[in-house]
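Its first residue numbered 1, the sequence shown is counted upward by one per residue in the working numbering. Remarks on the structure that follows.
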Amino acid sequence: MSTLKTSNIQDTSGNNNSTPEEINQGRAKAWVSFNGTGTLSINDSFNVSSVTDTAVGQYTVNYTNAFANTSYAVIHGAIYAAGSGFYHSYYNLTASSVTFLIISSSASYTDSSHVSAAFFGD
């Protein structure tokens, strides 16, 4: 068995670069999993420089490498909290960050013990 080692893979036109790390990570441009209760802590991430707890139920995810524009896709969710119903989360996109607003079924901002998101785009 042979091993091919490279730092960059491109399509035949020289576009659409991917690093072995990006391919290994599932090729999302960025993703994050964090605990938003108490002292915020990132469980794991890719291309995320930090997560800021801006207020109760409000978190800003900052990217290490920004997107080219705000037309990227976001898949996100927050864990169910016993007694408060399912969370509804919304986001505000910029090229360098996204802000989540976590709202309980009782229509109040609330922290979540597990928030996760994946981001796809250029």
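Glycine included, each C-beta is placed from N, C-alpha and C at the ideal position.
Beta-carbon gap between residue i and residue j smaller than 8 Å
{"i": "residue 30", "j": "residue 15", "result": "no"}
{"i": "residue 120", "j": "residue 28", "result": "yes"}
{"i": "residue 109", "j": "residue 77", "result": "no"}
{"i": "residue 67", "j": "residue 122", "result": "yes"}
Beta-carbon proximity list for residue i, same chain, < 6 Å, skipping 5 on both sides
{"i": "residue 37", "result": "111, 113"}
{"i": "residue 62", "result": "49, 50, 97"}
Residue i: first and last residue of the uninterrupted beta strand (DSSP E) it sits in
{"i": "residue 119", "result": "115-120"}
{"i": "residue 92", "result": "88-93"}
{"i": "residue 101", "result": "97-103"}
Identified DSSP bridge partners for residue i
{"i": "residue 79", "result": "Its beta-bridge partners do not exist; DSSP assigns none."}
{"i": "residue 50", "result": "62"}
Other residues of its chain near residue i: CB distance less than 7 Å, five sequence neighbours each side excluded
{"i": "residue 40", "result": "34, 51, 53"}
contact_flag[the region 37-46, the region 84-93] where n(CB pairs < 8 Å) is 3 or more:
No: the two stretches stay apart, fewer than three of their Cβ pairs being nearer than 8 Å.
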